[in-house]
């Protein structure tokens, strides 16, 4: 004789909506398990775990672009910190580490470069954020995250789209690494008082204000380098997308 018994409860199958439900033993945690006779779906009433719907994920994506720690986002969105950490890991692993900018033609292009101090896990593990910004469009056209050496400066130069490497004039501060990486005929080392690196310095401030991992005194610092890099690139793509969506002034 079957141990299964049909029950007439006010339960609907979460998959097909059928009310032809039967009891089907208990879960490992002692909760009553049910099974749908129509589609075979097994479920419990009022489950503690519920799938995160696309709208909530979209909101989480927007919150990741603000200066909020993951614990704060988990509280606001009423999700577990473990689930959120896994979601963030997957999101940042999928972020492209290549700039996406408006197409440019060869001509009078100008770029400002600067480097921003950051760290991962502890302040002894310094990770410098190297950035390049188009003077005219304000797009971020290059990024590299690593040490503060000449190799890092060359990696920043390599991250620029070819049209910039071919003809752009580059403005930087006097950090010596730039001299080893940039074409001498198009490199202009200038002081802060010149105003010729003001746009990239302003963006550095924006980045610190919007990415909580970069706030100088914070408990939201990165513990994984991959997530540190992913969070920075995620904001850069968001920033450039806003730039691209603005109507052209030409």
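Residue numbers (our numbering): 902 to 1151.
Just so it is clear, CB atoms sit at the ideal spot from N, CA and C, and this is done for glycine as well.
- Taking the CA atoms as reference points, residue 952 sits about 18 Å from residue 934.
- Each residue's CA atom was taken as its position, placing residue 967 and residue 979 some 17 Å apart.
- Taken atom to atom, the span from the alpha-carbon of residue 1001 to that of residue 1025 is near 32 Å.
- Contact check for residue 1113 and residue 969: beta-carbon distance about 6 Å, within the 8 Å limit, so the pair qualifies.
- Taking residue 983 as the centre and dropping the five residues before and after it, the same chain places no C-beta closer than 8 Å to its C-beta.
- Taking residue 975 as the centre and dropping the five residues before and after it, the same chain places the C-beta of 981, 982, 985 closer than 7 Å to its C-beta, in chain order.
- Look at residue 992 here: in three-state DSSP terms it is helix.
- Under the criterion of beta carbons closer than 8 Å, residue 1100 and residue 1089 do not qualify as touching, at roughly 14 Å.
- Residue 1015 and residue 1074 do touch by the CB rule: their CB atoms are close to 7 Å apart, below 8 Å.
- In the DSSP secondary-structure assignment, residue 1144 is not bridged to any residue.
- Around the CB of residue 931, fewer than 16 other CB atoms lie within 10 Å, so the residue is classed as exposed.
- The DSSP-derived three-state label of residue 1029 is strand.
- The straight-line gap separating the alpha-carbon atoms of residue 1084 and residue 1060 is approximately 15 Å.
- Under DSSP, residue 1014 forms a beta bridge with 1033.
- In the DSSP assignment, residue 1067 falls within the unbroken alpha helix (DSSP H) covering 1063 to 1068.
- Spanning the alpha carbons of residue 957 and residue 973 requires a straight line of approximately 15 Å.
- Of the residues assessed, residue 911 falls on the exposed side of the cut-off, its CB having fewer than 16 other CB atoms within 10 angstroms.
- Shown here for residue 1079: same chain residues with a beta carbon closer than 6 Å to its own, the five before and five after excluded, namely 1054, 1073 in chain order.
- By the beta-carbon neighbour count (other beta carbons within 10 angstroms, threshold 16), residue 914 is buried.
- Look at residue 1089 here: in three-state DSSP terms it is strand.
- Per the DSSP secondary-structure output, residue 934 pairs in a beta bridge with 945.
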